[in-house]
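Some notes on the structure that comes next.
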Amino acid sequence: MRETQMSERPTDRSDDGAPEAATYDVVAVQDKWRKVWDDLDPFRAGSAAPGAEKRYALTMFPYPSGDLHMGHAEVMALHDVVARYWWQRGHDVLNPIGWDSFGLPAENAAIKRDENPAVFTYANIETQAESFKRYAISFDWSRRLNTSDPEYYRWTQWLFLKFRERGLAYRKFSPVNWCPNDQTVLANEQVVNGACERCGAVVTKRELSQWYFKITDYAQRLLDDMEPLESTWPSKVLAMQRNWIGRSEGAHVDFDITLASGETRTVTVFTTRPDTLHGATFMVVAADAKLAAEIVAPERAEALTAYVDEVRRSSDIDRLATDRPKTGVDLGVTATNPVTGEQIAVWAADYVLADYGTGAIMAVPAHDQRDLDFAKQFGLPVRRVVDTGEPNPEETYEATTGDGTYVNSGPLDGLGDKAAGIARIIEQLEERGTGTGTVNFRLRDWLLSRQRYWGAPIPIIHCEACGEVPVPEDQLPVELPDLKGSDLKPKGVSPLAAAEDWVNVSCPTCGGAAKRDSDTMDTFVDSSWYFFRYCSPQFTDGPFDPQAVRDWMPAAQYVGGVEHAILHLLYSRFFTKVLHDMGMIDFTEPFSALLNQGEVINEGRGMSKSLGNGVDLGEMIDAYGVDAIRLTMVFAGPPEADIDWADMSPGGSLKFLQRAWRLSGDVTSEPGTAPSDGDTALRQATHRTVAEATELVETQRFNVLVARTMELVNTTRKAIDSGPGSADPAVREAVEAVAILLSLVAPYVAEEMWERLGHEPTVARAGWPVVDESLLVQETVTAVVQVKGKVKARLEVSPEISEADLEQLAMADADVQRALDGAVVRKVVVRAPKLVNIVV
RNA sequence: GCCCCGGUAGUCCAACGGCAGAGACACGGUGCUCAAACCACCGCCAGUGUGGGUUCGAAUCCCACCCGGGGCACCA
0 MRETQMSERP
10 TDRSDDGAPE
20 AATYDVVAVQ
30 DKWRKVWDDL
40 DPFRAGSAAP
50 GAEKRYALTM
60 FPYPSGDLHM
70 GHAEVMALHD
80 VVARYWWQRG
90 HDVLNPIGWD
100 SFGLPAENAA
110 IKRDENPAVF
120 TYANIETQAE
130 SFKRYAISFD
140 WSRRLNTSDP
150 EYYRWTQWLF
160 LKFRERGLAY
170 RKFSPVNWCP
180 NDQTVLANEQ
190 VVNGACERCG
200 AVVTKRELSQ
210 WYFKITDYAQ
220 RLLDDMEPLE
230 STWPSKVLAM
240 QRNWIGRSEG
250 AHVDFDITLA
260 SGETRTVTVF
270 TTRPDTLHGA
280 TFMVVAADAK
290 LAAEIVAPER
300 AEALTAYVDE
310 VRRSSDIDRL
320 ATDRPKTGVD
330 LGVTATNPVT
340 GEQIAVWAAD
350 YVLADYGTGA
360 IMAVPAHDQR
370 DLDFAKQFGL
380 PVRRVVDTGE
390 PNPEETYEAT
400 TGDGTYVNSG
410 PLDGLGDKAA
420 GIARIIEQLE
430 ERGTGTGTVN
440 FRLRDWLLSR
450 QRYWGAPIPI
460 IHCEACGEVP
470 VPEDQLPVEL
480 PDLKGSDLKP
490 KGVSPLAAAE
500 DWVNVSCPTC
510 GGAAKRDSDT
520 MDTFVDSSWY
530 FFRYCSPQFT
540 DGPFDPQAVR
550 DWMPAAQYVG
560 GVEHAILHLL
570 YSRFFTKVLH
580 DMGMIDFTEP
590 FSALLNQGEV
600 INEGRGMSKS
610 LGNGVDLGEM
620 IDAYGVDAIR
630 LTMVFAGPPE
640 ADIDWADMSP
650 GGSLKFLQRA
660 WRLSGDVTSE
670 PGTAPSDGDT
680 ALRQATHRTV
690 AEATELVETQ
700 RFNVLVARTM
710 ELVNTTRKAI
720 DSGPGSADPA
730 VREAVEAVAI
740 LLSLVAPYVA
750 EEMWERLGHE
760 PTVARAGWPV
770 VDESLLVQET
780 VTAVVQVKGK
790 VKARLEVSPE
800 ISEADLEQLA
810 MADADVQRAL
820 DGAVVRKVVV
830 RAPKLVNIVV
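Terminal number for the first sequence in numbering that gives the first Met the number 0: 839, no gaps in between.
This is the structure:
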């Protein structure tokens, strides 16, 4: 990182007694107020005045992998501006904190250290809690929860069983993503570019029997319910979710395949272009799907097996390579095109995905580049059925995908409208019973089983006689057995399976010998409902107290990283809808507004051990103090933009805070002095700043809020040194406003200022200054006179001036007349009281 | 390939379609000092990525392109 001017201590001292500007001792101030706040407990939800509006300020709970880092510092600083602002506005605020404390890092650490993951986990939680307190986030510390506490995961398990009762949790045997490094399966959402989202290992496939949540049942609602979030969620997140859900309209079309045995088998394909059915000249099925093996002609079976082996060997990463030549194998059977009656070849290829649509496609090479590449590779026929006016793809091997006039398409010929073409074909297919209009989603069900130890056990008992038996509710939680060290080593099956005493139980239904399900749940299950639990963390009659949830939810503001766009945020929305359908809540979206903060990077790149460009939060706080670090984070730029720490100057932030603090020592009037006799210009500046600050916080322009506060500090400094002087009541009013504004960002110095101004703690609950509207009214405003858009004169006018008067004044101005130079005025645009534009 | 977000002084960033500069960093100067740091004051630097369009007027709206960052991607 860039050289920063670090002093030994965050305060500058001189060795001799030379005159110097007063500074406060950052460390002493932090120690002092920590204790006071611990006693006052000022942020307890429910502590606002009776009848206060309730606001839920939520921030994504941390994973306890170590101490807090720069990223936490940023997200919490931004989040806390909003939470503290709401308190100042008199709202009742719920600002809870807890830990997402199940997960692999703790388990891996436990294997290394030969201990139980709880040791590492709970030690880190204490470290982070202490750091959060030092960092002065306005949490309600009475609501702490950890997802790894049995009293929490009891309800995670309970929810799983409720989902299962509703048919939303089920087990199936199918190919799954397998991380060979973490030795567990992964959800689709956790596979990024063919690699494990957590560890980066290349993901392979396995066939396993696993638990799934039926999130696909909610695909359409997850899509539809985004509409009201349009103005309060980042469009990027909405776009990513839409993309992930991947709705596409089209048709299922049935093709009859004549098998080698002479039997006929109907295979359904999904297409978004049923209108091009007349151009379907061959069919392709996913090579790795069962279907391929079932329909292949005997003499082609060996070739198919060889091909499938080849495909299996290549990882998803290889498959992602663009411009890879098309590969495939002829299955030796033919299908009947349902509209043309033609016999077309059936191939297997890896460019058709087994788990999208039906795993089989009709290939229309003329109008799909992938199909065309395949046709070219294997010499399959190409037939144009839409004339787009472009060169014929039969000759150019450039597929045309746009609109055009149908040709070679029987009844569609001559039609020029795609929508009509699609509608007509679907109608025809439905009449004949060979197809139907349909909607397809890219979203897959959520695979929730994990073959690891440190998670919530799946509360199911497998009995040979009774099958899957849910653990009775009164036996929840199913607690983890106390395993440690090598017992936890990943071996491809859950470590729980080897815990004989734990896994062998009697069946709750028949009493016979049975085994517990030895998998644990994906930790994203834990985090899909923690924000409900926060509303009543000690509740024992259910996952949450319905009244408490009614009081606080949906969360008014959720702050966290965009990396959860299609993971946590999608899953939480799904959980909320299910809870709604269960009748447990009366809303369907958990988070009314979402803010994605940017990342803290260094020298243009993400901080990482390998780059050696990490910045240590603890060291930064030791060098500059909590307030300066928080201020730097908030002032850096718009909250959603990345912060390059190399461009930041925490030293400058500290300098500003010292400057603001100094003001509080210069105020000589008594606390409670009425400001009405104070200097009007300074009063106007104060009230304008507060009015604007209100707007700025509410529109999340926190960096500008800081700039406005700096401006007020500068103005007040001038008023003290070369204006009305330190005794003027307006100076007190201004400095008190500065303290309150700063309390959102720099709580320690704000508190110190508040005390020096003669007030009792805590400034955090002092209340937002009331704006005197009359002080916002300006006696004169500057009107700009433009000639052809160029400024030629400025006039001081009344804000109430009429358009006619302003025009007259403008035309009479000497500079304007000179600029006009006798030219003919064609038009005069008047926007009283601010502007006149004369067009010549 | 498709979809988002961004491009304004040396740097980080402001600017309801209406004076391009709020704030800060860095830099320079003056005062204070033996000197420096600190502090106070003053100064400094851009016409808004490029090309068109709309408009009385565009950093802002529209179109095309360039550059940077991110997301999705053999999704039928």
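All residues carry an ideal CB built from backbone N, CA and C; glycine is no exception.
Whole angstroms are fine: how far does the CA of residue j sit from the CA of residue i?
i	j	result
residue 751	residue 216	55 Å
residue 341	residue 335	6 Å
residue 171	residue 249	27 Å
residue 741	residue 554	25 Å
residue 854	residue 77	The structure shown does not extend to residue 854, since the chain spans only 0 to 839, so no value can be given for it.
residue 611	residue 354	41 Å
residue 731	residue 72	32 Å
residue 305	residue 444	30 Å
residue 676	residue 772	16 Å
residue 333	residue 258	8 Å
residue 487	residue 145	21 Å
residue 561	residue 695	23 Å
residue 213	residue 559	26 Å
residue 799	residue 831	8 Å
residue 352	residue 310	12 Å
residue 656	residue 715	14 Å
residue 225	residue 577	16 Å
residue 631	residue 759	28 Å
residue 699	residue 581	35 Å
residue 839	residue 813	17 Å
residue 474	residue 507	10 Å
Is the separation between the beta-carbon of residue i and that of residue j shorter than 8 Å?
i	j	result
residue 116	residue 106	yes
residue 93	residue 551	yes
residue 303	residue 276	no
residue 457	residue 412	no
residue 515	residue 460	yes
residue 521	residue 99	no
residue 44	residue 89	no
residue 770	residue 780	no
residue 784	residue 802	no
residue 702	residue 782	no
residue 708	residue 737	yes
For residue i, name the three-state secondary structure that DSSP assigns.
i	result
residue 789	strand
residue 215	helix
residue 325	coil
residue 232	coil
residue 115	coil
residue 456	strand
residue 557	strand
residue 41	coil
residue 247	strand
residue 831	coil
residue 346	strand
residue 272	coil
residue 810	helix
residue 486	helix
Original post:
Fully enclosed by the region 56-96, which alpha helix (DSSP H) runs are 4 residues long or longer?
Top reply: Complete alpha helix (DSSP H) runs here, min 4: 69-87.
Original post:
Hey, which unbroken runs of the beta strand (DSSP E) at 3 residues or more fall wholly within the region 632-717?
Top reply: Listed in chain order, nothing qualifies, since the region 632-717 has no complete beta strand (DSSP E) run of 3 or more residues.
Original post:
Any contact of the region 785-797 with the region 810-824, i.e. 3+ C-beta pairs under 8 Å?
Top reply: Put simply, the region 785-797 touches the region 810-824. At least three CB pairs are less than 8 Å apart.
Original post:
With contact counted as at least three CB pairs below 8 Å, one residue from each stretch, are the region 193-212 and the region 434-454 in contact?
Top reply: With a cut-off of 8 Å, the region 434-454 and the region 193-212 count as touching, because enough Cβ pairs lie within range.
Original post:
Below 8 Å, can you find three or more Cβ-Cβ pairs linking the region 54-63 to the region 94-101?
Top reply: Here the region 54-63 makes contact with the region 94-101; the two share three or more CB pairs at distances below 8 Å.
**OP:** Check whether the region 638-645 touches the region 594-613, counting contact only when three or more Cβ pairs, one atom from each stretch, lie closer than 8 Å.
**Re:** Judged by Cβ distances under 8 Å, the region 638-645 makes contact with the region 594-613, as three or more pairs qualify.
Original post:
Is the region 347-363 touching the region 262-270, taking contact as three or more C-beta pairs under 8 Å?
Top reply: Yes, since at least three Cβ pairs between the region 347-363 and the region 262-270 fall closer than 8 Å, the two stretches touch.
**OP:** Enumerate, from N- to C-terminal direction, the unbroken beta strand (DSSP E) stretches of 3 or more residues contained entirely within the region 562-631.
**Re:** DSSP runs (the beta strand (DSSP E)) wholly in the region 562-631: 593-595 and 599-601.
Original post:
Quick check: the region 39-52 against the region 753-767, are there 3 or more CB pairs under 8 Å?
Top reply: When Cβ pairs closer than 8 Å are counted between the two stretches, the region 39-52 is seen to touch the region 753-767, the count reaching three or more.
**OP:** Spell out a yes or no on whether the region 177-197 and the region 473-482 are touching, meaning 3 or more CB-CB pairs, one atom from each, closer than 8 Å.
**Re:** No, the region 177-197 is not in contact with the region 473-482.
**OP:** Check whether the region 362-380 touches the region 394-411, taking contact to mean three or more Cβ pairs, one atom from each stretch, closer than 8 Å.
**Re:** The region 362-380 is in contact with the region 394-411.
**OP:** Could you tell me whether the region 715-730 touches the region 658-665, using the rule of 3 or more Cβ pairs below 8 Å?
**Re:** With a cut-off of 8 Å, the region 658-665 and the region 715-730 count as touching, because enough Cβ pairs lie within range.
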